[in-house]
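Engineer:
Numbering (my numbering), first residue to last: 7 to 323.
#1: In this structure, does DSSP put residue 184 in helix, strand or coil?
#2: If we ignore side chains and look at the alpha-carbon of each, how far apart do residue 282 and residue 219 end up?
#3: By DSSP, does residue 70 sit in helix, in strand, or in coil?
#4: On the three-state DSSP scale, how would you describe residue 163?
#5: Using only the heavy atoms of the ligand COA, determine whether one of them is closer than 7 Å to the beta carbon of residue 97.
#6: In the structure shown, what three-state DSSP assignment does residue 173 receive?
#7: Suppose only complete runs of 3+ residues qualify. What are the beta strand (DSSP E) ranges in the segment 233 to 277, listed by chain order?
#8: In the DSSP assignment, what are the bridge partners of residue 212?
#9: Go ahead and label residue 247 buried or exposed: buried means 16 or more other beta carbons lie within 10 angstroms of its beta carbon, across all protein chains shown.
#10: Can you tell me where the beta strand (DSSP E) holding residue 80 begins and where it ends?
#11: With residue 16 and residue 184 assumed to form a contact (beta carbons below 8 Å), what rounded beta-carbon distance in angstroms separates them?
#12: Is the beta carbon of residue 296 less than 8 Å from the beta carbon of residue 118?
#13: Should the segment 52 to 62 be regarded as contacting the segment 260 to 280, the criterion being three or more beta carbon pairs within less than 8 Å?
#14: What would DSSP say about residue 7, mapped onto helix, strand or coil?
#15: Can you say whether residue 116 is buried or exposed, counting buried as having 16 or more other CB atoms within 10 angstroms of its CB?
#16: When the Cα atoms are used, what is the spatial distance from residue 232 to residue 84?
#17: Is the CB of residue 166 under 8 Å away from at least one CB in chain D?
#18: Alpha carbon to alpha carbon, what distance is there between residue 41 and residue 215?
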């Protein structure tokens, strides 16, 4: 597995980056080939051009094309296209959770910090020093010779994708350019402690492990289907454990408690047009696809935004 530790140039993505990069890639697949020209088109510096190239791929908006350049994905087109996209300006909270899902669930080239911390971090809290120690151990196990500087920059980029930037005095900056995923409050600062650096303290962070009502049933269904296609493609059923705690599962990626997952799965049974059914007895707990369901990734994505099919958005413009 080819983990990605760099490429973001230490910049979390900003609100305008994905829509802007989508539009430019749609018009010119070679937009990132000439960094000087890309700086003019995108209105950012060279390091930010490289960061935008990284994030537009990491978010599933564009992919490397053959023989070269980048092409927009069907997901990117359906979500961000200015001519009928579901949310071309990232205005909906569901979109932010959707982007979190995309960043966190790469199978071939996972973003290391996302993959490790969401799936393998077993502690209720985390500090920078503890995380970097385990990052170094895991990188060594993987045979990757990476400096602590690289690992530290990667963790900091992960953290500030979700946590507001603070001033030297510890105050949240009102005029900064935080990543939009900060709005999700997915990672929270819960305190601080003495660090291993003499005379200094370091913040303590934790994932928000609770039911999240802003993750709609439609978004949960889309992500469940995506997990099934990406990681359980040959399986006819999913177990409850698959959905709740398997690597890359909705339960892990969204940090949902098991009781909430069970309620979400059970609610499929009361919806006639739901794509799934959930069966729970003393012997089994499993999810199956509903017979005759015509649901596809595009239709499930459209449903998140209240449309019944992929063309409904354009029909209403």
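The beta-carbon is built from N, C-alpha and C at its ideal position, and this holds for glycine as well. Everything numeric in this text was worked out from a predicted model, so none of it was measured.
Structural biologist: Per the coordinate set shown:
#1: coil
#2: 20 Å
#3: strand
#4: helix
#5: The ligand COA is absent from the structure shown, which contains no ligand whatsoever.
#6: Any reading at residue 173 must be qualified, since the residue scores a pLDDT of 43, below 50, and its modelled position is unreliable; the value itself is stated next. Residue 173: coil per DSSP, three-state reduction.
#7: The qualifying runs are 243 to 245.
#8: 194
#9: exposed
#10: In the DSSP assignment, residue 80 falls outside any beta strand (DSSP E) and within the unbroken alpha helix (DSSP H) covering 80 to 86.
#11: Wrong, their Cβ atoms sit about 14 Å apart, outside the cutoff.
#12: At a Cβ-Cβ threshold of 8 Å, residue 296 and residue 118 do not count as neighbours.
#13: no
#14: Here DSSP, grouped into helix, strand and coil, assigns residue 7 to coil.
#15: buried
#16: 16 Å
#17: The question asks about chain D, but that chain is absent: this structure has only one protein chain.
#18: Straight-line measurement puts the Cα of residue 41 at about 41 Å from the Cα of residue 215.
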